[in-house]
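Novice:
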Amino acid sequence: MDVAGIATPALLVDLDAMEFNLREMADFFAHKPCKLRPHFKNHKVPLLAWKQLRAGATGITCATLREAEILVHHGVENILIANEIAGDSKAQYLAELSRCASVVVAVDNCSSIKDLARAQRNGKSQIAVVVDIDIGLGRCGVRPGEEALQLAKCAAGEGLRVRGLMGYDGHLQVLPASLERDELVRRGSESLVRSAALIQAEGIPVSIVSTGGTGTYAVSGEYAGITDIQAGSYLLMDTLYVERGSCFRRSLTVLATIISMNRDGHAVVDCGVKEISGERGLSAVKNMPDVHLTALHAEHGLLELQGDLKSTLKIGDRIELWVRYSDATVSLHSSMYGVRHGQIETVFQIEH
Ligand SMILES: Cc1ncc(COP(=O)(O)O)c(C=O)c1O
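Our numbering puts the first residue of the sequence shown at 8, with every later residue one more than the last.
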């Protein structure tokens, strides 16, 4: 089907760009001891997770128990929930999922560890964990070193299987590339590797030391002792990352139609915050530098037109908005149209 035939607003992915990103990242990890464990939350498409696995990924990272459930349901066997979960019902569900696949969850406190241990006993299954270390993001995680060791001991003492540790350097992801930034990434990796050594020295085997994202993989992926990288955005790419300098190509747009043009030099499209995230800034219009998105309402996008386009654009014309924040935009849609040379080649189901 031609792109012209689909109803708007619609999420489009440029297949050439996405496949380029898939190959580029796979090539980087192809001959390294460190492997890619790509994050699922950026696309939420099981088929794309499988493309990443076939391209060499060691497993899949996700952010929630629901995402882990979707992955298990689609046959993925090696899953890292790079996030904490809390509460008895989630712990119980994790115990059940752990019977179907290798699911590892991050922990950063003894209270949740005890909940997981109880669920494991009740569910008669083995729950596996990584100790989450705060390497500067200031979100979840314990301090590296002694605190990490104590938590690993707490988890092992409660009978959980400690697989290793993780720490996400989210605060460094969109910093422009520089020697200083790279040094900060290395320091984060170093604190993880040192904490891993402390934990190993206490007789707790460590097989996972996981970190990194699209902005930092090239540095942490080279750091001795880091076993896997959780990058996710690289596959579809956000405009924000591209602006900071990245080898990956933007592939994601929202197709919208002009529905009103009653003010001179302005137009309104059928795409608002229910279809595209404006949280990290307003989108640029693909291939139309003289058209600017100036505001997003719930179902409307307001455009300012300059130059010749003022007179040539008309009601019913279509534009594409580059997605600045893929995570938050993808989760607003249930399908994503795979486009090549103006034709829809495939439709990806986004799972929620
Ligand atoms: C814990 C964790 N790991 C990995 C990622 C993926 O990072 P990126 O999308 O920058 O590749 C994220 C993204 O927010 C994250 O929260």
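Just so you know, even glycine gets a beta-carbon here, dropped at the ideal spot from N, CA and C. Small disclaimer: the values here were computed from a predicted structure and weren't measured.
Does the stretch 76-85 come into contact with the stretch 233-247, if we say contact requires no fewer than three beta-carbon pairs (one atom in each stretch) closer than 8 Å?
Specialist: Not touching, per the Cβ criterion.
Novice: Quick check: what's the CA-CA separation for leucine 167 versus leucine 123?
Specialist: Distance between the alpha carbons of leucine 167 and leucine 123 is about 8 Å.
Novice: Quick check: is any heavy atom of ligand 1 less than 7 Å from the C-beta of glycine 222?
Specialist: Flag set: Cβ of glycine 222 near ligand 1.
Novice: Anyone know if the C-beta pair for phenylalanine 255 and asparagine 90 falls short of 8 Å?
Specialist: Contact: no.
Novice: Less than 8 Å separating the beta-carbons of aspartate 141 and arginine 128?
Specialist: Taking 8 Å as the Cβ cut-off, aspartate 141 and arginine 128 do not qualify as a contacting pair.
Novice: Cβ atoms of isoleucine 265 and glycine 323: under 8 Å apart, would you say?
Specialist: In this structure, isoleucine 265 lies closer than 8 Å to glycine 323 by Cβ.
Novice: Under 8 Å, do lysine 42 and threonine 68 count as touching if we go by C-beta distance?
Specialist: For lysine 42 and threonine 68, no; Cβs fall outside 8 Å.
Novice: Excluding sequence positions up to five away, which residues of its chain have a Cβ less than 7 Å from the Cβ of aspartate 189?
Specialist: Excluding positions up to five away in sequence, the list reads Val226.
Novice: Which residues in the same chain as alanine 163 place their Cβ atom closer than 6 Å to its Cβ, once the five residues preceding and following it in sequence are excluded?
Specialist: Val169, Ile211.
Novice: Have a look at Val114, Arg73, Ser240, Arg201 and flag the residue whose alpha-carbon is nearest the alpha-carbon of methionine 25.
Specialist: Checking every option, the nearest Cα to that of methionine 25 belongs to Ser240.
Novice: Is glycine 177 close to ligand 1? I mean its beta-carbon at under 7 Å from any heavy atom of the ligand.
Specialist: Yes, the Cβ of glycine 177 comes within 7 Å of a heavy atom of ligand 1.
Novice: Closer than 7 Å: is that where the CB of histidine 46 sits relative to any heavy atom of ligand 1?
Specialist: Result yes, Cβ under 7 Å from ligand 1.
Novice: Look up histidine 307 in the DSSP assignment and say whether it is helix, strand or coil.
Specialist: In this structure, histidine 307 counts as coil in the three-state DSSP scheme.
Novice: Please find out if some non-hydrogen atom of ligand 1 comes closer than 7 Å to the beta-carbon of alanine 238.
Specialist: Yes - ligand 1 has a heavy atom lying nearer than 7 Å to the Cβ of alanine 238.
Novice: Which of helix, strand or coil does DSSP assign to aspartate 271?
Specialist: Here aspartate 271 sits in coil by DSSP.
Novice: Taking the straight line between their C-alpha atoms, what separation do you get for alanine 155 and valine 138?
Specialist: Answer to the nearest angstrom: the Cα atoms are 7 Å apart.
Novice: May I ask you to check if the CB of tyrosine 100 is nearer than 7 Å to at least one heavy atom of ligand 2?
Specialist: This structure simply doesn't include ligand 2; it includes ligand 1 instead.
Novice: Is the beta carbon of glutamine 237 closer than 8 Å to that of tyrosine 332?
Specialist: Against a cut-off of 8 Å, the Cβ pair of glutamine 237 and tyrosine 332 comes out as no contact.
Novice: On the CB-based measure, 16 or more other CB atoms within 10 Å of its CB, does aspartate 334 come out buried or exposed?
Specialist: It is buried - the Cβ of aspartate 334 has at least 16 other Cβ atoms within 10 Å.
Novice: My assumption, with CB atoms under 8 Å, is that valine 10 sits in contact with leucine 191. Please give the rounded CB distance.
Specialist: With a Cβ gap of about 42 Å, valine 10 and leucine 191 do not count as contacting.
Novice: Using a Cβ-based criterion (distance less than 7 Å to any ligand heavy atom), does alanine 89 qualify as near ligand 1?
Specialist: Yes.
Novice: DSSP state of alanine 302, grouped into three classes?
Specialist: Of the three classes helix, strand and coil, the one that applies to alanine 302 here is strand, per DSSP.
Novice: Nearest CA to the CA of serine 109: which residue from Ser132, Ser96, Lys121?
Specialist: If we check each option's Cα against that of serine 109, Ser132 comes out closest.
Novice: Does the distance between the C-beta of threonine 234 and the nearest non-hydrogen atom of ligand 1 fall short of 7 Å?
Specialist: No - ligand 1 has no heavy atom lying nearer than 7 Å to the Cβ of threonine 234.
Novice: Ordered along the chain, which non-local residues of its own chain (more than five positions away) have a Cβ less than 6 Å from that of glycine 177?
Specialist: Closer than 6 Å at Cβ, skipping near neighbours: Leu144.
Novice: With a threshold of 16 other CB atoms inside 10 Å of the CB of arginine 106, please say whether the residue is buried or exposed.
Specialist: Exposed, by the Cβ-count rule.
Novice: How far does the beta strand (DSSP E) with glycine 345 in it reach, from first residue to last?
Specialist: Its beta strand (DSSP E) spans residues 342-347.
Novice: Note down, one range per segment and in chain order, each beta strand (DSSP E) of at least 3 residues found wholly within the stretch 11-86.
Specialist: Those beta strand (DSSP E) runs which fall completely within the stretch 11-86 and span 3+ residues are 17-21, 67-69.
Novice: Unbroken alpha helix (DSSP H) runs of length 4 or more, entirely within the stretch 218-250: which are they?
Specialist: Within the stretch 218-250, the complete alpha helix (DSSP H) runs of at least 4 residues are 224-227, 246-250.
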